[in-house]
Amino acid sequence: MELSRRGDYAVRAMLDVATRPADRMTVTKEIALRQDIPPIFLTKIVSSLSQAGLLRTYRGVAGGVALGKPADQISLLQIIEAVEGPIYINRCLIRRGECDRDRACPAHELWVQAQGELLGLLANKSLADLARRAQELQQAPMADFAA
672 MELSRRGDYA
682 VRAMLDVATR
692 PADRMTVTKE
702 IALRQDIPPI
712 FLTKIVSSLS
722 QAGLLRTYRG
732 VAGGVALGKP
742 ADQISLLQII
752 EAVEGPIYIN
762 RCLIRRGECD
772 RDRACPAHEL
782 WVQAQGELLG
792 LLANKSLADL
802 ARRAQELQQA
812 PMADFAA
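Printed below as a string of structure tokens:
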């Protein structure tokens with residue numbers, strides 16, 4: 672399983688908004704520049720995030736985007752699924768009967784366990800957690816690799 676560019680960009684865009692002052696709208700053009708996301712692609716991502724209630728969009732001169740709810744109430748799973756749809760690490764997990772080998776396949780239980788752990792990890796990691804980590808990384812001294 673590989674996270675698509677759409678999912679990666681969605682997480683980066685949400686993190687960008689979460690790390691800006693809450694009383695200010697964030698302009699999507701600025702997000703695109705800071706995060707190196709093609710503006711047209713970002714517009715589609717913002718639309719999906721807005722439909723999911725994760726972002727609010729405001730039109731006009733003072734417009735932009737803001738978080739749809741507090742960052743500690745937005746999970747990485749919500750962000751990714753808003754733009755990607757449900758996450759499955761294997762086709763056999765999409766729905767019962769998708770794979771006719773699930774009862775005889777020795778790997779099926781492993782896929783079920785891995786799926787549960789991945790979804791649990793993403794559901795339990797909030798946008799606020801990521802924003803805190805981003806701040807820690809910004810404040811950490813740069814490693815000296817010249818030694």
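Here this note's numbering is used: the first residue of the sequence shown is 672, the next is one more, and so on. Using N, Cα and C, we set each Cβ at its ideal position, and we do this for glycine too.
task = Measure how close the beta-carbons of T697 and A737 come, nearest whole angstrom, since I'm counting them as under 8 Å.
result = 7 Å
- Determine the extent of the beta strand (DSSP E) in which A737 is found, giving its start and end residues. 735-738
**Q.** Among N761, G787, E788, the one whose alpha carbon lies nearest that of C776
**A.** N761
_Rounding to the nearest angstrom, what Cα-Cα distance links T728 and A794 in this structure?_
T728 and A794 have their C-alpha atoms some 24 Å from each other.
Legend entry - Distance between S675 and R804 (C-alpha atoms, nearest Å): R804 and S675 have their C-alpha atoms roughly 22 Å apart.
**Exposure label - Q749; buried when at least 16 CB within 10 Å** = Buried.
G731 classed as buried or exposed, judged by whether at least 16 other C-beta atoms fall within 10 angstroms: Counting Cβ neighbours within 10 Å, G731 comes out exposed, since fewer than 16 surround it.
Note to self: Quick check on D707: buried or exposed, where buried means 16 or more other Cβ atoms within 10 Å of its Cβ?
What the structure shows: exposed
Q: Determine the closest residue to A684 out of Q784, L790, L798, Q806, with distance taken between C-alpha atoms.
A: L798
request  = Report the residue from I711, P757, T690, L790 whose alpha carbon sits nearest the alpha carbon of P741.
outcome  = T690
Does V698 come within less than 8 Å of chain D when only Cβ atoms are used? As a matter of chain content, chain D is missing from the structure shown, which is built from one protein chain.
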